[in-house]
Amino acid sequence: MSNRLRIALTKGRLQDKSVELFERAGMDCTPIRHPGRRLIHALPNYPLDAVLSKAPDVITYVEHGVCDLGIVGKDTILEKGGSFYEVMDLGFGKCRFALAVPEGQDFYASYKNRTIASKYPNVASRFFAAKGMDVEVIKIEGSVELAPILGLADAIVDIVETGATLKANGLVPIETVAPISARLIVNTASMKLYKNEILDFIEKCEKYRGEAAK
Ligand code: PRP
């Protein structure tokens, strides 16, 4: 195997789980675990170079072919979209998009136009469009749970993992919008150019993803 592949990893929780998966597959991830000030981390015993990025940038790098591979949450894929192959559900980073409302509120009771706050306006808009409901979606950059408390929105569409954040803010999830987990994505040209290298990497992920998901 001659060509080195480049992978973009989503910083944070998904990065930790990705490294765990690679190590189970026998890859030495010391350079990623001790990055110093370097931005590209070459694995010493496998032809893979890793960059650490914010989730939407993972998609941008893979779409543009500056990274052959990426690991990113389905949440970002659903919101941002893009042109790449989504080849595998890695099984970790599991959570869901949910519609949540203030406790005791019957969201579907009235015919008035509802306002929805979300960090994921495309996901929220598509969800209600599929129901044939006309809603106003307001994009919020963080702590979306505040929007109903402040009176800005009737409901939110947000990521729910344990449900603790919703509960602490008097909100209840009433519908799952979509399940979420980490996905392995591949640049379409790289898939053809470096087929053997990419298939070897995919095989390793496939074999060890179950253990990393625990
Ligand atoms: C997400 C989400 C919720 C929280 C849900 O935020 O926006 O606020 O996690 O988790 P829970 O159901 O276990 O309480 P995250 O921690 O990813 O931070 P962010 O607001 O910066 O996106």
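Numbering follows the numbering used here, with no gaps: position 139 of the sequence shown is 236. Here a beta-carbon is modelled for each residue, glycine too, at the ideal position from N, C-alpha and C.
Is residue j closer than 9 Å to residue i when the C-beta atoms are compared?
{"i": "glycine 307", "j": "glycine 123", "result": "no"}
{"i": "leucine 196", "j": "glutamate 272", "result": "yes"}
{"i": "leucine 317", "j": "isoleucine 129", "result": "The question about residue 317 has no answer here: the residues shown for the chain are numbered 98 through 311."}
{"i": "isoleucine 168", "j": "serine 115", "result": "yes"}
{"i": "arginine 121", "j": "tyrosine 305", "result": "yes"}
Give the straight-line distance between the Cα atoms of residue i and residue j, rounded to the nearest whole angstrom.
{"i": "isoleucine 235", "j": "glutamine 112", "result": "30 Å"}
{"i": "cysteine 164", "j": "lysine 151", "result": "14 Å"}
{"i": "aspartate 146", "j": "leucine 136", "result": "10 Å"}
{"i": "alanine 248", "j": "arginine 193", "result": "First, the residue type needs correcting, since residue 248 is glycine and not alanine in the sequence shown. Taking the straight line joining both Cα atoms gives about 24 Å."}
{"i": "aspartate 255", "j": "proline 199", "result": "14 Å"}
{"i": "tyrosine 143", "j": "aspartate 125", "result": "8 Å"}
{"i": "valine 159", "j": "tyrosine 182", "result": "10 Å"}
{"i": "lysine 301", "j": "serine 207", "result": "52 Å"}
{"i": "lysine 191", "j": "serine 278", "result": "4 Å"}
{"i": "leucine 102", "j": "histidine 161", "result": "14 Å"}
{"i": "alanine 261", "j": "valine 220", "result": "22 Å"}
{"i": "lysine 108", "j": "leucine 149", "result": "5 Å"}
{"i": "glycine 133", "j": "alanine 244", "result": "39 Å"}
{"i": "lysine 264", "j": "tyrosine 205", "result": "20 Å"}
With respect to the beta strand (DSSP E) encompassing residue i, which residues constitute its N-terminal and C-terminal limits?
{"i": "valine 116", "result": "Not the beta strand (DSSP E): valine 116 falls in the alpha helix (DSSP H), residues 110 to 121."}
{"i": "lysine 236", "result": "232 to 236"}
(message) Which complete beta strand (DSSP E) runs does the segment 132 to 172 hold, if anything under 3 residues is left out?
(response) Listed in chain order, they are 137 to 139, 145 to 150, 166 to 170.
(message) Assess contact between the segment 167 to 179 and the segment 230 to 248, defined as three or more Cβ pairs (one per stretch) separated by less than 8 Å. Is contact present?
(response) Contact between the segment 167 to 179 and the segment 230 to 248 is absent: fewer than three C-beta pairs spanning the two stretches fall below 8 Å.
(request) Answer yes if the segment 289 to 296 comes into contact with the segment 204 to 217, meaning at least three C-beta pairs across the two stretches below 8 Å, and no otherwise. (result) Because the criterion of three Cβ pairs below 8 Å is not met, the segment 204 to 217 and the segment 289 to 296 do not touch.
(request) Pair every Cβ in the segment 216 to 232 with every Cβ in the segment 278 to 285, then say whether three or more of these pairs are closer than 8 Å. (result) With the cut-off at 8 Å, the segment 216 to 232 and the segment 278 to 285 do not touch.
(request) Mind listing, in chain order, the continuous beta strand (DSSP E) runs of no fewer than 3 residues lying wholly within the segment 169 to 209? (result) List check, beta strand (DSSP E) in window: 182 to 186, 192 to 199.
(message) To test your reading of the DSSP string, which unbroken beta strand (DSSP E) runs of 3 or more residues are found completely within the segment 259 to 286?
(response) Correct list: 268 to 277, 279 to 283.
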